[in-house]
Amino acid sequence: MTDSQSNSEIFSVRIVSIDYYMAPPIQGADICYSSFHGGKVKEVPVIRVYGSTPSGQKTCLHIHRALPYMYVPCSDIPLQPDQEGDAYTYKVAASLEKALQLKGSAGSTRQHVHGCSLVRARRFYGYHSFEELFVKIYLYYPQDVSHAANLLLAGAVLDKCLQPHESHIPYILQFLVCSFI
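Note that numbering that gives the first Met the number 0 has the sequence shown beginning at 0, numbered continuously upward.
Next comes the structure, spelled out in structure tokens:
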């Protein structure tokens, strides 16, 4: 038996059902600090996988640190990404956070955007033979992905209509695909 085979057999679950819930972060298991907000994270999504092991034991597996996300092509954003990566992604995150706060209920202190990073990827819509720079936007609440996508398309972020990518993929499916499950 090879090392990769023995590692894959450490814990195996046949998935019967999968869902998520929002909870305060657990130190050591969750993302507890946001450098974007400069403080503690209030709530994070936790995925629950219900199923059984090959030996028939019932399981409820809690998966932490899986945030919903979407992409926006940098070429569409009216900023210069080559100036400073962190400053660039901060402006995108701050503008989206502000738009989501304005769309939400008045007086709400709910955090929406966890942060952003620059990644290389290929555009999802149409044929594109090369990779380009994207901003990957991480959110806390899975339902905020569609709200954020609508705000991006409506021009509420950076005063420009921006095409979100992978915002149509449901959170659980996004997790399964990215985890190769």
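Note that the Cβ used here is the ideal one computed from N, Cα and C, for glycine as well.
Just to check my reading of the structure: residue i and residue j have Cβ atoms closer than 8 Å, yes? What is that Cβ distance to the nearest angstrom?
{"i": "CYS73", "j": "LEU132", "result": "4 Å"}
{"i": "HIS113", "j": "LEU66", "result": "6 Å"}
{"i": "TYR70", "j": "LYS159", "result": "About 16 Å separates the two Cβ atoms, so there is no contact after all."}
{"i": "TYR18", "j": "ARG64", "result": "Checking the sequence shown, residue 18 turns out to be Asp, not Tyr. ASP18 to ARG64, Cβ: 17 Å. No contact."}
{"i": "VAL156", "j": "LEU95", "result": "5 Å"}
{"i": "ARG13", "j": "GLY50", "result": "5 Å"}
Looking at the strands, I want to know which residues DSSP matches up with residue i.
{"i": "ASP29", "result": "The partner list for ASP29 (beta bridge, DSSP) is empty, contrary to what the question assumes."}
{"i": "ARG235", "result": "The first residue shown for the chain is 0 and the last is 180, placing residue 235 beyond what the model contains."}
{"i": "GLU131", "result": "ALA120"}
{"i": "CYS59", "result": "TYR49"}
{"i": "ALA22", "result": "VAL43"}
{"i": "CYS115", "result": "ILE136"}
{"i": "GLY38", "result": "SER33"}
{"i": "SER16", "result": "TYR49"}
{"i": "TYR70", "result": "LYS135 and HIS164"}
Around the C-beta of residue i, are 16 or more other C-beta atoms found within 10 angstroms, so that it is buried, or is it exposed?
{"i": "VAL144", "result": "buried"}
{"i": "CYS115", "result": "buried"}
{"i": "HIS127", "result": "exposed"}
{"i": "VAL15", "result": "exposed"}
{"i": "HIS61", "result": "exposed"}
{"i": "THR88", "result": "buried"}
{"i": "TYR124", "result": "exposed"}
{"i": "PHE129", "result": "exposed"}
{"i": "MET0", "result": "Its pLDDT being 46, under 50, MET0 is placed unreliably in this model, and the value from its coordinates should be taken loosely. By the 10 Å Cβ count, MET0 comes out exposed."}
{"i": "VAL91", "result": "buried"}
{"i": "PHE174", "result": "buried"}
{"i": "GLN56", "result": "exposed"}
{"i": "LEU150", "result": "buried"}
{"i": "ILE180", "result": "exposed"}
{"i": "ALA167", "result": "Correcting the residue identity first, residue 167 is His in this sequence and not Ala. Under this definition HIS167 is an exposed residue."}
{"i": "PRO53", "result": "exposed"}
{"i": "SER104", "result": "exposed"}
{"i": "ILE76", "result": "buried"}
{"i": "LEU172", "result": "exposed"}
{"i": "PRO163", "result": "buried"}
{"i": "VAL176", "result": "exposed"}
{"i": "SER34", "result": "exposed"}
Problem - the region 12-24 in contact with the region 86-104 per 3-pair CB rule at 8 Å - result: no
Handout entry: Stretch pair the region 138-151 + the region 40-47: three plus CB contacts closer than 8 Å
Key = yes
Problem - Inside the region 130-168 only - alpha helix (DSSP H) runs reaching at least 4 residues - result: 143-153
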